[in-house]
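Taking it in order: structure first as structure tokens, then the write-up.
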Amino acid sequence: MTFLTLLSFGAAMFVLAASPGPGVFATVARALASGFASAAVLVLGIITGDLIFLLLAIYGLSSVAELLGSFFILVKYAGGIYLIWLGIKIWQSSPQTSATTKTPKLRAKQTFTSGLLITLANPKVIFFYLGFLPTFVDLNSLTHTDVISISCVMATVLATVLLFYAWTAARTKQLFSNSRTVTNINRCAGGVMITAGSLLLLKK
């Protein structure tokens, strides 16, 4: 695999990652509600899910996704409902931030899980990779080094795009200190998170 191939793959991934979707919506909502660090944990969960599907596609395990079709349907609904629940909590949250430092491990775990569910709730991602990757590489001739390179490019591009969204949203919230404004931002973030969950539930 050449550097130019990786560069082309990265550019295509950038365009796809920047397109608005459940992942972008959830990242922005999390950054608005809890700040950049919390959104970064969510992004880590999203990338982990994408990495799982990418490797399944590369190693020809799409049949595994088909066999687990019923399981992924359950994950889809669980993920959508979970994101909507988080959105409602964010919507109803107080502008006071003194409680946000409580149980950080639990919050980080919940945030990572929600990010992971965003990807795993859409098993069509693996078929997207199956159709997308062959335009750049021959899946049957990939070496372990190639797989690592592709995985790193995917993770880097996805992280860069989503973290930029998160940083921008977090900076926006930091510009406001008025409690009423923060309340409105929380409601906006909650609405965005609810939208992300609804998109997962409605996605066919």
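Residues -16 to 187 (this note's numbering) make up the sequence shown, in order.
Heads up, the beta-carbon is just placed ideally off N, CA and C, and yes, glycines get one too.
A quick note: this is a predicted structure, and the numbers were derived from the prediction, not measured.
The segment 66 to 77 makes no contact with the segment 133 to 151; the number of CB pairs closer than 8 Å stays below 3.
Residue 42 carries a coil assignment under DSSP once its states are collapsed to helix, strand and coil. Going by DSSP, residue 9 is part of the alpha helix (DSSP H) stretching over 5 to 17.
When Cβ pairs closer than 8 Å are counted between the two stretches, the segment 0 to 17 is seen not to touch the segment 121 to 132, the count staying below three. If you draw a straight line from the Cα of residue -8 to the Cα of residue 3, it comes to about 19 Å.
Cα atoms of residue 108 and residue 126: separation of roughly 22 Å, rounded to the nearest angstrom. Residue 119 sits in coil when the DSSP states are folded into three classes, being neither helix nor strand. Taking each of 155, 61, 105, 91 in turn and checking the Cα distance to residue 33, the smallest one comes out for 105.
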